[in-house]
Amino acid sequence: RGTGTRLQLPPTPPSSLKPIKQFLNILTRSLESLSNQQSEQQAQLVQLVNSIKEMSSHFRATNLTDQPAVLAPTSPAAATPQTTFPVSKPDKFSGNPDQCRGFLLQCSVFFDNSPVATDQAKISFVVSRLAGKALDWATASWSSFSNWTYGSHSVVEYALEFRTLAASSGWNEAALLVTFRQGLKPEILNELASRDDLSLDQLISLAIKLDHLLNSRKKKESFRNPKSTSHHFQLRREPTEGSEPMLCDSSRLSQEERQHRLSHHLCLFCGGHYEYLVMPFGLSVAPS
């Protein structure tokens with residue numbers, strides 16, 4: 617046999633490193649557990665927003681489809697009293713995943729027995745019942761989106777700013793759809809009234825097209841109906857003291873009457889005053 621190097625096993629780690637290894641294993645498991653809890657909380661918060669949107673869509677569809685029933689007049693004796701009871705507000709939700717379903721149920725019951733009708737009012741109420749981590753998540757972009765409108769700017773500029781804020785908000789598309797609609801002008805909202813099936817990208821694209829069409833229509837209307845700039849004057853006939861206007865040719869006037877009308881800026885034919893409604897351009901001296 618030939619000579620060669622002999623393999624040697626690595627030395628056994630000293631016993632003093634075993635506690636450190638055990639501690640690292642425990643720390644690793646703890647980090648994995650915290651990561652799973654955080655993912656679960658994020659999923660619960662997303663579920664909360666989706667549930668709120670589902671409730672809003674349900675109430676909106678109910679208001680559109682339900683028709684008021686025509687009730688026959690009943691006598692006071694036949695009327696049966698209705699028993700009502702107050703519904704308490706939901707307890708504040710702090711972000712605990714175990715309490716998420718109960719909080720959603722309480723919100724649903726409260727909306728069923730309250731006059732709250734608009735999506736904006738429902739969202740405001742739910743946000744007011746959040747606390748702790750849930751409130752921190754909700755307020756991350758709420759202050760940026762609340763009362764956000766584009767004013768005198770175009771929808772293109774509004775959409776660009778909206779997408780910038782939406783990217784850092786963490787909101788799902790359903791919440792962003794409602795918020796984007798709230799910032800649009802009434803004339804554009806009227807055109808979008810029956811388009812509830814659009815995605816966020818489709819809604820933004822259609823809103824931009826409608827804004828261009830409305831602006832183009834306004835420009836055409838202003839071009840077709842310019843303000844009148846014509847200048848004109850009319851003859852006003854007023855009787856003067858000492859003489860009456862004469863309906864005759866100026867050649868038949870006496871020299872005294874002719875001089876009287878010229879000195880008082882009267883018409884030589886009818887004896888009336890000239891009244892200028894708008895001073896014509898280029899006329900430096902006009903009758904008083």
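The number in my numbering is simply the position in the sequence shown, starting from 1, with 616 added. From the three backbone atoms N, C-alpha and C, an ideal C-beta is built for every residue, glycine too. Since we're looking at a predicted model, the values are computed, not measured.
Environment of residue i [buried if 16+ CB atoms lie within 10 Å]
{"i": "residue 651", "result": "exposed"}
{"i": "residue 633", "result": "exposed"}
{"i": "residue 813", "result": "exposed"}
{"i": "residue 748", "result": "exposed"}
{"i": "residue 719", "result": "buried"}
{"i": "residue 739", "result": "buried"}
{"i": "residue 820", "result": "buried"}
Residue from the options with nearest C-alpha to residue i
{"i": "residue 775", "options": "657, 822 and 787", "result": "822"}
{"i": "residue 663", "options": "800, 789, 839 and 870", "result": "789"}
{"i": "residue 750", "options": "735, 708, 741 and 739", "result": "708"}
{"i": "residue 781", "options": "882, 875 and 795", "result": "795"}
{"i": "residue 778", "options": "803, 816 and 744", "result": "816"}
{"i": "residue 787", "options": "638, 659 and 654", "result": "659"}
{"i": "residue 670", "options": "831, 701, 715 and 723", "result": "723"}
{"i": "residue 665", "options": "734, 837 and 792", "result": "792"}
Inter-residue CB distance, residue i and residue j (contact presumed, cutoff 8 Å)
{"i": "residue 730", "j": "residue 772", "result": "The pair is not a contact, with the Cβ atoms about 39 Å apart (cut-off 8 Å)."}
{"i": "residue 657", "j": "residue 706", "result": "That belief does not hold up - the Cβ atoms of residue 657 and residue 706 are roughly 19 Å apart, past 8 Å."}
{"i": "residue 827", "j": "residue 770", "result": "6 Å"}
Residue i in three-state terms, based on DSSP
{"i": "residue 882", "result": "strand"}
{"i": "residue 741", "result": "helix"}
{"i": "residue 709", "result": "strand"}
{"i": "residue 746", "result": "strand"}
{"i": "residue 729", "result": "coil"}
{"i": "residue 869", "result": "coil"}
{"i": "residue 665", "result": "helix"}
{"i": "residue 694", "result": "Unreliable positioning characterises residue 694 in this predicted model, as indicated by a pLDDT of 47, which lies under 50. The coordinate reading is nonetheless provided below. The answer is coil: DSSP assigns residue 694 none of H, G, I, E or B."}
{"i": "residue 635", "result": "helix"}
{"i": "residue 861", "result": "Because residue 861 sits at a pLDDT of 49, beneath the cut-off of 50, its placement in the model cannot be relied upon, and the point is left open."}
Every unbroken alpha helix (DSSP H) inside the stretch 769-851 [4 residues or more]: 771-783, 789-798, 802-807 and 816-840
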